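**Student:**
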Amino acid sequence: GLAAGGAAAESRAREEGEAWFPGVGRVAAPLVRRERLAAGDVLRGPAIVLEAGGTIALDPGFVARVESNGLLVLEDVAGEAAPALGDLTVADPVRLEVLGSRFMSIAEQMGAVLRHTAVSTNIKERLDYSCAVFDAAGGLVANAPHVPVHLGAMEETVRALRAAFPHCEPGDVWVTNDPFRGGSHLPDVTVVTPVFAQAGAAPLFFVGSRGHHADIGGRTPGSMPAASRSLAEEGALLPPHRLVHAGAFDEAWVRARLAAGAWPARRPDDNVADLEAMIAANRAGERLLQALAAAIGADAAHVTMQQLQEAAAAKVRRELARRVTGARRFEDVLDDGTKIAVRIEREGDRLVVDFAGTGAAVPGNLNAPRAVVRAAVLYVLRALVAERIPLNGGCLAPVELRIPAGSLLDPPPGSAVVGGNVETSQRVVDVLLGALGLAAASQGTMNNVAFGDAGYGYYETIGGGAGAGPDFDGASGVHVHMTNTRITDPEVLEQRHPVRLVTFALRSGSGGTGLRRGGDGLVRRYAFTAPVRVSILSERRRVAPWGLAGGGDGARGRNAVERRDGRVETLASCAEVALDAGDRLVVETPGGGGHGAPVESGLPPLRVRPSLRPGA
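What follows is the structure in structure tokens.
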């Protein structure tokens, strides 16, 4: 309450209320209007101070004094740790909301550190990274809204590293990019830090960062070789390793791994600098989690993490019971003819997602490790639930995944996988959405473009059209589903690399027709000012993004080279090509499928438009 100022100050300033505070739970807390406080008033927490420009939460154990100049000075007078939370067995929704947001905020702050300390364009400008918080068992608890294909797979990486290093110490940091240990593809490097609440105990949490390194070796600059047929051709493999121990960063090991093999990394200094940035991001998360555990107690933090996952699982179960009846089947084919098939059926309160009928692993690189498929399923389930829930491991608790061993979606170790992460993952999402009847196919690709020479590699992805749904049009010119990255600003691209961006525009008319129309794709044309080697990994150049419920297909994509002598060469979905100064690369990305038969729409012609077809 108020001291120093007396009953008169108390009566003029406070209203009764309650609020939730870390360490004590929901308690009575007076609502104090800032303008009614006078110089000399002292307010003791817990309390909420309301002012025109914001709100101040005064925790228990703090006092706020009003100075003669009107400033409010807060002071910690508790002298001891906050009392323990009440009954932790009760999943108080307010506590879950507050602490869930706190965990997510920690992941966001990790991402900010990573972005501001990394050196590579891919992480600093394109934001091709993800940060997350995990529980003591390695389960995903909270993440920042980064890249879905990273976030859904990182849980398996954390658990693989935890198993590889059962004995760890405060200050340890682990690293790997192994696609068959929860990784996605070799350019995506994961750094994990165990977080201890007290010395001598087991880790209470883990924090992890995954960043796409623009070049990690491999056959082609940018480490996205279109023609790779084995993992060794795609770059340097970093097996699970203790990257930091007793405060020492094992840079020599990193450089040795990056230099190994027939195609070493082209910019190892950038790789090392980005790894140091990832370590710094994890350190920030570690400090914030330790401070939170100290404030609310280690037991409260642990129990809340479990309850957050249980809450997500319960909401997914409710949504599945409402939406999924009977067996749902859907299938599609990649541009090379390989089939992706899925059968979705609810068995009791569990959902069985069965990919039986999917084609065998391919000799090329469109194979997707199990962790990538898991990420796609997690993404779709999270998108299915209209309620506000965190994307965490609990979303998959009601799900049984059945993936045929040796198939495209569970390839043998050592298989080439660089395209599976970026291309096949998108097509898995499409078939899942199709089976559930939620949306027509989106562009179904990330339109990966990598170029460079012996000294550098650059990589980017290009947006396209999103698929329409029963009550929405597809968005135009956006990254869809499993990627959430930006595209490099033209000024940055042209300043750092021998290229000029000639065209970057919407591909008008490329979205599918329908009661709800698909989004339009993009056109991106690069003119190179020096010889480069280009690798492009894409899909939907032969098989169009399908419409749903009578909606029209989106336009297929197109890749081409415009030579300086006027010749035009059409490229395949996945291609590697040498370009000279003056040559141009053209990428036309697919549109999204439409939803609903246009003849039934009764809408004016501007709403129901024809699809653009190649050659039209």
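For the sequence shown, this note's numbering gives the first residue as 415, with consecutive numbering after it. Glycine included, each C-beta is placed from N, C-alpha and C at the ideal position. From a predicted model like this one, the values you see are computed outputs, not experimental measurements.
1. Just to confirm the assignment, what range does the alpha helix (DSSP H) spanning Thr718 have?
2. Quick check on Cys809: does DSSP put it in helix, strand or coil?
3. Let me know if Thr899 comes out buried or exposed under the rule of 16 or more other beta-carbons within 10 Å of its beta-carbon.
4. To which residues of the same chain is Glu429 closer than 7 Å at the C-beta, ignoring the five residues directly before and after it?
5. Over what stretch of residues does the beta strand (DSSP E) that includes Asp867 continue unbroken?
6. In the structure shown, what three-state DSSP assignment does Arg633 receive?
7. Mapping DSSP to helix, strand and coil, what is Val794?
8. Can you list, in chain order, the residues of its chain with a C-beta nearer than 6 Å to that of Ala641? Leave out the 5 residues immediately preceding and following it.
9. For His564, which three-state DSSP category applies?
10. Taking contact to mean 3 or more Cβ pairs, one atom from each stretch, closer than 8 Å, check whether the region 935-953 and the region 981-998 are in contact.
11. If you follow the beta strand (DSSP E) that Phe619 is in, where does it begin and where does it stop?
12. Would you mind stating whether Arg764 and Arg743 have Cβ atoms separated by less than 7 Å?
13. Can you list, in chain order, the stretches of the alpha helix (DSSP H) that have 4 or more residues and sit fully within the region 553-605?
14. Using only CA atoms, which one of Asp867, Thr859, Ala854 and Leu915 lies nearest to Asp885?
15. CB-CB under 8 Å to Asp664, same chain, minus the five flanking residues each way: which ones, in chain order?
16. If Ile803 sits next to Lys729, beta carbons under 8 Å apart, how far is it from one beta carbon to the other, in whole angstroms?
17. Using the beta-carbon count (16 or more within 10 Å), is Glu481 buried or exposed?
18. What's the C-alpha gap between Ala496 and Glu522?
19. I'd like the span of the alpha helix (DSSP H) that includes Glu522, first residue to last.
20. Return the Cβ separation of Ser821 and Ala774 in integer angstroms, given the expectation that the two are a contact with Cβ distance under 8 Å.
21. Taking all protein chains shown into account, decide if Ala498 is buried (16 or more other Cβ within 10 angstroms of its Cβ) or exposed.
22. Can you grab the Cα-Cα spacing for the pair Gly493 / Glu801, in whole Å?
23. Leaving out five residues before and five after Val527 in sequence, what residues of the same chain have Cβ atoms less than 7 Å from its Cβ?
24. DSSP puts Lys753 in a beta bridge; with which residues?
25. Alpha carbon to alpha carbon, what distance is there between Val686 and Val668?
26. Taking the beta carbon of His1009 as the centre, do at least 16 other beta carbons fall within 10 Å, making it buried, or is it exposed?
27. So the candidates are Asp455, Arg440 and Pro826; which of them puts its Cα closest to the Cα of Arg643?
28. Please go through the same chain and pick out, in chain order, the residues whose beta-carbon is closer than 6 Å to the beta-carbon of Thr607, but skip the five residues on each side of it.
29. Going by C-alpha distance, which of Arg796, Gly883 and Val863 is nearest Gly877?
30. Ordered along the chain, which non-local residues of its own chain (more than five positions away) have a Cβ less than 8 Å from that of Asp787?
31. Taking the beta carbon of Ser425 as the centre, do at least 16 other beta carbons fall within 10 Å, making it buried, or is it exposed?
32. Would you grab the beta carbon distance between Pro562 and His895 for me? Rounded to a whole angstrom, and I think it's under 8 Å.
33. Quick check: the Cα distance between Ala532 and Arg447, rounded to an integer number of angstroms?
34. Take Gly553 and list the residues in its own chain whose beta-carbon comes closer than 7 Å to its own, dropping the five residues that flank it on each side.
35. If we call anything under 7 Å between Cβ atoms a contact, is Arg671 one with Leu645?
**Tutor:** To lay it out plainly:
1. Ala712 to Arg737
2. In the structure shown, Cys809 sits in a helix (DSSP, three-state: H, G or I).
3. buried
4. Pro444 and Leu445
5. Where Asp867 is concerned, the enclosing beta strand (DSSP E) stretches over Asn862 to Asp867.
6. coil
7. helix
8. Glu990
9. helix
10. yes
11. Phe619 to His626
12. Cβ distance not < 7 Å, so Arg764 and Arg743 don't count as in contact.
13. 562-578
14. Answer by Cα proximity: Ala854.
15. His655, Arg656, Leu657 and Val658
16. 5 Å
17. exposed
18. No answer about Ala496 holds up, because its pLDDT of 44 lies below 50 and its placement is not dependable.
19. Pro507 to Thr531
20. 6 Å
21. Confidence in Ala498 is poor, its pLDDT being 49 and thus under 50, which makes the residue's placement too unreliable to answer from.
22. Here the model assigns Gly493 a pLDDT of 49, short of 50, so the residue's position is not dependable, and the following value carries that caveat. Rounded to whole angstroms, Gly493 to Glu801 spans 41 Å at the Cα level.
23. Ala694, Ala695 and Ala698
24. Val747
25. 7 Å
26. buried
27. Pro826
28. Hits under 6 Å: Val587, Val621, Asn696 and Glu700.
29. Closest by alpha carbon: Val863.
30. A small correction: the amino acid at residue 787 is Val; Asp does not occupy that position in the sequence shown. Counting only Cβ-Cβ distances below 8 Å, and skipping sequence neighbours, we find Phe769, Leu815, Ile817, Leu823, Asp824, Ser839 and Val842.
31. Because the pLDDT at Ser425 is just 46, under 50, the model does not fix this residue reliably, and the value given afterwards should be weighed accordingly. Flag for Ser425 reads exposed.
32. 7 Å
33. 44 Å
34. Glu569, Gln723 and Gly807
35. For the 7 Å CB-CB criterion, Arg671 and Leu645 do not form a contact.
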